[in-house]
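Protein chains in written order, with our numbering: chain A, 33 to 238; chain B, 4 to 131.
Beta carbons: idealized from backbone N, C-alpha and C, even for Gly.
As the structure is a computational prediction, the values presented were derived from the model and not from experiment.
This is the structure in structure tokens:
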């Protein structure tokens with residue numbers, strides 16, 4: 033507003049100077065009075081035109097909203113807005129991650145022989161409209177049921193004694209196979225339901 | 004110095020004018036006309052530079068160039084009418100000089116009509 037008023041005052045000063053010089057050019061005749069009147073009207077028009085425009089602008093409230101803040105103020109407001117957006121995005125991603133972890137844990141728990149599941153994922157924000165985030169990695173820490181070993185060891189294979197040495201290799205192989213099977217199940221479920229690359233799913237069985 | 008040349012020329016013309024007025028009056032009028040035209044032509048370049056300065060100032064002040072051109076035209080009409088009426092008065096035809104001034108006033112008023120209309124419109128807009 034001050035800038036607009038300053039501009040009007042500057043223009044008025046220039047116009048008055050201009051017309052003063054013009055009056056010096058007028059011929060000394062009976063026509064001088066006529067010309068002076070018209071030059072006076074010209075001054076009035078040139079002064080009133082910007083004032084009228086200025087007053088008309090006042091009536092529109094929205095025009096003030098766009099005119100008032102200077103560039104620096106607008107930049108500050110925009111920066112604050114960006115901070116709020118970033119904070120909200122961070123909160124949303126955190127909430128999304130927590131819920132996905134809960135869902136994954138619940139789904140993995142449905143697989144037989146699993147006792148406890150702890151899941152941790154990392155989510156990368158996406159710029160796509162409507163998108164929240166893309167799952168980068170999924171880590172699982174699993175404990176199997178205590179009775180799992182006895183379940184599939186109901187009929188243990190009798191140890192074969194070779195060269196007088198007692199070997200327990202068959203039991204450990206079976207357990208490893210069972211763990212591998214569980215890992216494959218978990219990987220399949222998570223990869224299919226949550227569209228995660230199988231290579232980024234890491235499972236640790238305790 | 005340009006002014007010295009013009010004054011010298013004016014004085015010379017005045018001498019010839021006085022001589023011719025007594026002997027051949029019709030030539031004295033033509034001499035006056037020729038001198039007026041000569042001065043006008045000599046000053047033309049200066050007037051152009053003055054008008055250019057005015058235009059630059061007006062552009063800086065965001066003045067509508069239509070109004071400024073109108074003012075320039077009015078000043079031009081006033082000068083031309085002044086020259087004409089003075090020559091007529093010198094020739095002893097005051098009535099013709101009066102008619103020239105009358106025509107100039109009317110033309111000035113006609114040119115001033117857009118400015119008067121603009122003033123009236125602004126007043127009407129300002130009054131609620």
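C-alpha distance - residue i paired with residue j, whole-angstrom precision
| i | j | result |
| --- | --- | --- |
| residue 8 of chain A | residue 108 of chain A | Because residue 8 of chain A is not part of the residues shown, which for chain A are 33 to 238, the question remains open. |
| residue 238 of chain A | residue 167 of chain A | 24 Å |
| residue 45 of chain A | residue 90 of chain B | 39 Å |
| residue 142 of chain A | residue 105 of chain A | 56 Å |
| residue 153 of chain A | residue 234 of chain A | 10 Å |
| residue 75 of chain B | residue 111 of chain A | 53 Å |
| residue 122 of chain B | residue 53 of chain A | 22 Å |
| residue 7 of chain B | residue 47 of chain B | 17 Å |
| residue 48 of chain A | residue 41 of chain A | 11 Å |
| residue 156 of chain A | residue 165 of chain A | 5 Å |
| residue 19 of chain B | residue 82 of chain B | 25 Å |
| residue 176 of chain A | residue 115 of chain A | 45 Å |
| residue 224 of chain A | residue 129 of chain A | 18 Å |
| residue 32 of chain B | residue 61 of chain A | 21 Å |
| residue 14 of chain B | residue 71 of chain A | 34 Å |
| residue 107 of chain B | residue 94 of chain B | 19 Å |
| residue 159 of chain A | residue 125 of chain A | 13 Å |
| residue 131 of chain A | residue 146 of chain A | 20 Å |
| residue 178 of chain A | residue 216 of chain A | 20 Å |
| residue 78 of chain A | residue 105 of chain B | 28 Å |
| residue 75 of chain A | residue 25 of chain B | 49 Å |
| residue 228 of chain A | residue 148 of chain A | 22 Å |
| residue 57 of chain B | residue 69 of chain A | 19 Å |
| residue 35 of chain A | residue 54 of chain B | 30 Å |
Short Cβ contact (8 Å threshold) for residue i with residue j
| i | j | result |
| --- | --- | --- |
| residue 58 of chain A | residue 64 of chain A | yes |
| residue 67 of chain A | residue 77 of chain B | yes |
| residue 9 of chain B | residue 45 of chain B | yes |
| residue 169 of chain A | residue 232 of chain A | yes |
| residue 80 of chain A | residue 125 of chain B | yes |
| residue 73 of chain A | residue 119 of chain B | yes |
| residue 114 of chain B | residue 50 of chain A | no |
| residue 43 of chain A | residue 65 of chain B | yes |
| residue 127 of chain A | residue 151 of chain A | no |
| residue 111 of chain B | residue 130 of chain B | no |
| residue 136 of chain A | residue 222 of chain A | yes |
| residue 174 of chain A | residue 236 of chain A | yes |
| residue 23 of chain B | residue 12 of chain B | no |
| residue 84 of chain B | residue 92 of chain B | no |
| residue 84 of chain A | residue 128 of chain B | yes |
Contacts that residue i makes with chain B (C-beta to C-beta distance below 9 Å)
| i | result |
| --- | --- |
| residue 70 of chain A | 73, 74, 77, 111, 112, 114, 115, 118 and 119 |
| residue 59 of chain A | 78, 81, 82, 84, 85 and 86 |
Chain B contact residues for residue i, given Cβ-Cβ distances below 8 Å
| i | result |
| --- | --- |
| residue 77 of chain A | 67, 70, 118, 121, 122 and 125 |
Chain A within 8 Å of residue i, Cβ atoms only
| i | result |
| --- | --- |
| residue 104 of chain B | yes |
| residue 43 of chain B | no |
| residue 92 of chain B | no |
| residue 55 of chain B | no |
| residue 129 of chain B | yes |
| residue 85 of chain B | yes |
| residue 24 of chain B | no |
| residue 107 of chain B | yes |
is_contact[residue i, chain B] using C-beta, thresh 8 Å
| i | result |
| --- | --- |
| residue 67 of chain A | yes |
| residue 37 of chain A | no |
| residue 74 of chain A | yes |
| residue 54 of chain A | yes |
| residue 80 of chain A | yes |
| residue 110 of chain A | no |
Chain-ordered neighbours of residue i on chain A, where CB pairs are closer than 8 Å
| i | result |
| --- | --- |
| residue 60 of chain B | 46, 49 and 50 |
Interface partners of residue i on chain B, CB under 7 Å
| i | result |
| --- | --- |
| residue 84 of chain A | 125, 128 and 129 |
Chain A contact residues for residue i, given Cβ-Cβ distances below 9 Å
| i | result |
| --- | --- |
| residue 63 of chain B | 42, 43 and 46 |
Near the ligand ZN: residue i beta-carbon under 7 Å from a heavy atom
| i | result |
| --- | --- |
| residue 140 of chain A | This structure lacks the ligand ZN; in fact it carries no ligand of any kind. |
(message) Is it the case that the region 64 to 79 of chain B contacts the region 25 to 39 of chain B, given that we only count it when at least three CB pairs across the two stretches are under 8 Å?
(response) no
(request) Decide yes or no for the touch test of the region 118 to 126 of chain A against the region 204 to 222 of chain A: beta carbon pairs closer than 8 Å, at least 3 of them. (result) no
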